[in-house]
């Protein structure tokens, strides 16, 4: 446990009336098996399938806890389908059940009486734990069921369960989660907890996995008690489920968990993870084609939000408004996915990868292995998180991470943790506030020579306060067709929670884009940006930049934006020469000796992520043998591009000067030069 967590724990617990006992650590530490998640002791070979409609609310909890226990006892296990859910086109769990038999040879039989399951599996039980509906005792019973090998039984079912030969092991009707922690914390999972409301709607969801993995089940809203639980966990641990959104936002509990080095997996409607996690994972490949770079085009990438949501990914599945849409696959689209799906439900992941087209590109997020605000995660734990994320990116053949940040876009120290990982090629950044806005408007910052790309639009077509289809169409069609400029790229985050056919909505936009607009996958988008807007200037093949790191001077410069920054081969983090003196401006480079120059390149404001309105309009290249008397070599007028790349008749010089006569496309008087490059042929 980190020093920060210990101090945070002491501070928070001073606010709590009942202090948690200091107990020895649970032997199964987080990530000890190369995964955040526990696996069942047995892989299922035969399943007893029962539908939620055949059980009362209390019976659902009882069977879900039984399901979790027996996953660690036998290869004959329980599977729950849910045809009661009317908001989806199908019960995805029914299809997954059939696929387990077809693809993995796991047979199943249907039962309609939950008490036949009690009779079938009671040989593996020590008894039952009694709880009372309507209070926290359901979470107490769920937390202890796996430790005690005892199913959770609501008071109304006690006489019936006794008639089936089971006796009471514990009575927790007056107990809550704090009591469980005080007495059993050392025996519980230290790397994972379950956040589940004590409500009828969550009677069975996720409880099987909690029991199987011996995880604490709790719910206390956004409170000091919740914070204390987060502090108790191992570094970079997991909370599965969902927290308190009573104030209309998950920001409070995501921030609280992030500050304590815990990431969230939304999963409070998930079923059967005790069974699904026991299936062996396959080998996954996306086989994305490399893009063919073009000039005079505008590149667009659409990606679907909220892919960290495990239950959404599992439950929506083949829904006609989502993955099952007839429009999916007819154009490039990025799909954020939970990297942990490879451990929690590999057979579901098999289905996604096998049904994906060349236009479907899976990316991680947000904001890595789970939902965090990266800028709020403790630095040491973010390092741990991103190293583990690199493992998961490799398992899933993912290259891009979508993140949600809180005022952290320009904090490259945070992104350096991600981009240091070899399996991560770039990041997509979306700002938490305003949630439906894009305050960074497509800007790009660079980290370890990899791009962190902010969204230009968030499409939420059913919401009046978010951009709609035609707004996005008009914005993209009016954008510059200049892949050498940041303005030549538009990243569009598509909100997944609206009631529309998502692929069809995006296709509506794609079909109305101008002929010079290219829609590409996330991987292609990042590759093109790296090729065309590299943060580290790479000389053209067959040439050497003789101005690199040479002595540079100017007639004036803004503080911190010195002349040498225009010859350092970097365009990241505002590495530029800037002069705001009135009148003409010049930048001189002493090459140290004479060279035969045949090519020169200037990288303007747009190349550094600034608005293209500040690209240098009129300028010229001059040469001198003594550094005082100058001859014009090449004159440029009316430039609008972010990168000027010019071939010239070879000339010999020791001194070269960039002379600026009109610094921008507007009345702004400042010249902004990110790089001034002079090339000799190898």
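Residue numbers (this note's numbering): 2 to 683. All C-beta atoms, glycine included, are put in the ideal place defined by N, C-alpha and C.
Q. Once you ignore the five residues that flank residue 418 on each side, which residues in its own chain have a CB closer than 7 Å to its CB?
A. Taking the chain shown and counting its residues from 1, the one referred to as residue 418 is at position 417. Within the same chain, residue 418 has close Cβ partners 383, 384 and 387.
Q. According to the neighbour-count rule (16 or more other Cβ atoms, all chains shown, within 10 Å of its Cβ), is residue 676 buried or exposed?
A. Start at 1 with the first residue of the chain shown, and residue 676 comes out as number 675. A residue is called buried once 16 or more other Cβ atoms fall within 10 Å of its Cβ, and residue 676 is buried on that count.
Q.
Starting from residue 492, trace the alpha helix (DSSP H) in both directions and tell me its first and last residue.
A. As a working note, residue 492 is residue 491 in the chain shown. Following the DSSP letters along the chain, one finds residue 492 in no alpha helix (DSSP H) but inside the beta strand (DSSP E) bounded by residues 490-495.
Q: Decide if the segment 412-427 is in contact with the segment 442-451; the criterion is three or more beta carbon pairs, one per stretch, under 8 Å apart.
A: The segment 412-427 vs the segment 442-451: in contact.
Q: Can you give me the start and stop residues for the alpha helix (DSSP H) that residue 684 sits inside?
A: Any answer about residue 684 is impossible in this case: the structure gives the chain only from 2 up to 683.
Q. Going by DSSP, which residues form a beta bridge with residue 447?
A. For this step, residue 447 is matched to residue 446 along the chain shown. Paired residue(s): 452.
Q: Count the other C-beta atoms from every protein chain shown that fall within 10 angstroms of the C-beta of residue 1, then say buried if there are 16 or more, exposed otherwise.
A: Residue numbering for the chain in the displayed model covers 2 to 683; residue 1 lies beyond these limits and cannot be assessed.
Q) Which full runs of the beta strand (DSSP E) of 3+ residues lie inside the segment 224-308, going along the chain? A) Here the runs fully enclosed are 238-242, 263-267 and 299-305.
Q. Taking the alpha-carbon positions, what's the residue 342 to residue 57 distance?
A. Here residue 342 refers to the residue found at position 341 when the chain shown is read from its first residue. Here residue 57 refers to the residue found at position 56 when the chain shown is read from its first residue. Answer to the nearest angstrom: the Cα atoms are 30 Å apart.
Q) Can you name, in chain order, every residue of its own chain whose Cβ lies under 7 Å from the Cβ of residue 54, other than the five neighbours on each side? A) Residue numbering aside, residue 54 sits at position 53 when the chain shown is read from its first letter. Correct list, in chain order: 84 and 85.
Q: Within the segment 573-607, note down every full beta strand (DSSP E) run reaching 3 residues or more, in order along the chain.
A: Those beta strand (DSSP E) runs which fall completely within the segment 573-607 and span 3+ residues are 578-580 and 586-604.
**Q.** Cβ shell of residue 606 (< 6 Å), same chain only, five flanking positions each side left out
**A.** Reading the chain shown from its first residue, position 605 is the one you call residue 606. Once the five neighbours on either side are set aside, the close Cβ partners of residue 606 are 615, 616 and 673.
**Q.** Proximity winner among 408, 539, 362 and 504, relative to residue 462 (alpha-carbon distances)
**A.** Your numbering for residue 462 matches position 461 in the chain shown. Of the listed residues, the one whose Cα sits closest to residue 462 is 504.
Q) Which whole-angstrom value is the C-beta distance of residue 94 and residue 82, which I expect to be below 8 Å? A) Here residue 94 refers to the residue found at position 93 when the chain shown is read from its first residue. Here residue 82 refers to the residue found at position 81 when the chain shown is read from its first residue. Between residue 94 and residue 82 the beta-carbon gap is near 5 Å, inside 8 Å, which marks them as a contact.
Q) Does the distance from the C-beta atom of residue 568 to that of residue 553 stay below 7 Å? A) Translated into positions along the chain shown, residue 568 becomes position 567. Translated into positions along the chain shown, residue 553 becomes position 552. The answer is yes: Cβ separation under 7 Å.
**Q.** Nonlocal neighbours in the same chain, by C-beta distance under 6 Å from residue 252, ignoring five residues either side
**A.** If you number the chain shown from 1, residue 252 lands on position 251. Nothing meets the Cβ criterion.
Q: May I ask which residues mark the beginning and end of the alpha helix (DSSP H) holding residue 110?
A: Here residue 110 corresponds to residue number 109 of the chain shown, with the count starting at 1. Membership of residue 110 in any alpha helix (DSSP H) is not indicated; the residue belongs instead to the beta strand (DSSP E) covering 108-111.
Q. Taking the C-alpha atoms as reference points, what is the distance between residue 620 and residue 658?
A. Along the chain shown, one-based indexing puts residue 620 at 619. Along the chain shown, one-based indexing puts residue 658 at 657. Roughly 10 Å between the two C-alpha positions.
Q: Give the DSSP bridge partners of residue 545, in chain order.
A: For this step, residue 545 is matched to residue 544 along the chain shown. Its beta-bridge partners are 681.
Q: Put residue 1 into one of helix, strand or coil per three-state DSSP.
A: Residue numbering for the chain in the displayed model covers 2 to 683; residue 1 lies beyond these limits and cannot be assessed.
**Q.** Closest residue to residue 173 among 146, 188, 193 and 166 (Cα-Cα distance)
**A.** Reading the chain shown from its first residue, position 172 is the one you call residue 173. Residue 173 has its Cα closest to that of 146, out of 146, 188, 193 and 166.
Q | Alpha-carbon to alpha-carbon, residue 575 and residue 211 | A | Numbered from its first residue, the chain shown carries residue 211 at position 210. Numbered from its first residue, the chain shown carries residue 575 at position 574. Distance between the alpha carbons of residue 211 and residue 575 is about 48 Å.
Q. What separation, rounded to the nearest whole angstrom, lies between the Cα atoms of residue 627 and residue 433?
A. For the purposes of this step, residue 627 is taken as residue 626 along the chain shown, with counting starting at 1. For the purposes of this step, residue 433 is taken as residue 432 along the chain shown, with counting starting at 1. Spanning the two alpha carbons is a distance of roughly 55 Å.
Q: Below 8 Å on the Cβ atoms is my guess for residue 430 versus residue 364; work out the distance and round it to an integer in Å.
A: Position 429 of the chain shown holds residue 430. Position 363 of the chain shown holds residue 364. So it is not a contact: roughly 13 Å between Cβ atoms.
Q. With DSSP run on the structure shown, which of helix, strand or coil describes residue 37?
A. Locating residue 37 in the chain shown gives position 36, counting from the first residue. Secondary structure at residue 37: coil, using DSSP grouped into helix, strand and coil.
Q) What did DSSP end up calling residue 469 once you bin it into helix, strand or coil? A) On the chain shown, position 468 is the one that residue 469 refers to. Looking at residue 469 - three-state DSSP - the assignment turns out to be coil, as it is neither helix nor strand.
Q) Buried or exposed: residue 473, going by 16 or more other Cβ atoms within 10 Å of its Cβ? A) Residue numbering aside, residue 473 sits at position 472 when the chain shown is read from its first letter. Classified as buried, residue 473 has 16 or more neighbouring CB atoms from the shown chains inside 10 Å of its CB.
Q.
Determine whether the beta carbon atoms of residue 555 and residue 534 lie at a separation below 7 Å.
A. By one-based count along the chain shown, residue 555 stands at place 554. By one-based count along the chain shown, residue 534 stands at place 533. In this structure, residue 534 does not lie closer than 7 Å to residue 555 by Cβ.
Q.
According to DSSP, simplified to helix, strand and coil, what is residue 555?
A. Taking the first residue of the chain shown as 1, we reach residue 555 at position 554. Reduced to three states, the DSSP call for residue 555 is strand.
Q | Exposure label - residue 355; buried when at least 16 CB within 10 Å | A | To locate residue 355, count along the chain shown from 1; it is residue 354. Exposed, because fewer than 16 other Cβ atoms sit within 10 Å of the Cβ of residue 355.
Q: Would you check if the distance between the CB atom of residue 128 and the CB atom of residue 153 is smaller than 7 Å?
A: Counting from one through the chain shown, the residue named residue 128 turns up at place 127. Counting from one through the chain shown, the residue named residue 153 turns up at place 152. Against a cut-off of 7 Å, the Cβ pair of residue 153 and residue 128 comes out as no contact.
Q.
Can you tell me whether residue 317 is helix, strand or coil according to DSSP?
A. Counted from its first residue, the chain shown places residue 317 at position 316. Here residue 317 sits in helix by DSSP.
Q.
For residue 213, count the other beta carbons within 10 Å of its own beta carbon; 16 or more makes it buried, fewer makes it exposed. Which is it?
A. Counting from one through the chain shown, the residue named residue 213 turns up at place 212. Flag for residue 213 reads buried.
Q: Using the Cα positions of residue 66 and residue 310, report the straight-line distance between them to the nearest angstrom.
A: Here the question's residue 66 lines up with position 65 in the chain shown. Here the question's residue 310 lines up with position 309 in the chain shown. When rounded, the distance between both Cα atoms is 23 Å.
Q: Can you tell me which of the three DSSP states residue 635 falls into?
A: Taking the first residue of the chain shown as 1, we reach residue 635 at position 634. Taken through DSSP and simplified to helix, strand or coil, residue 635 comes out as strand.
Q) What are the boundary residues of the alpha helix (DSSP H) that residue 630 is part of? A) Position 629 of the chain shown, counted from the first residue, corresponds to residue 630. Counting along the chain, residue 630 falls outside any alpha helix (DSSP H), and DSSP gives it neither H nor E.
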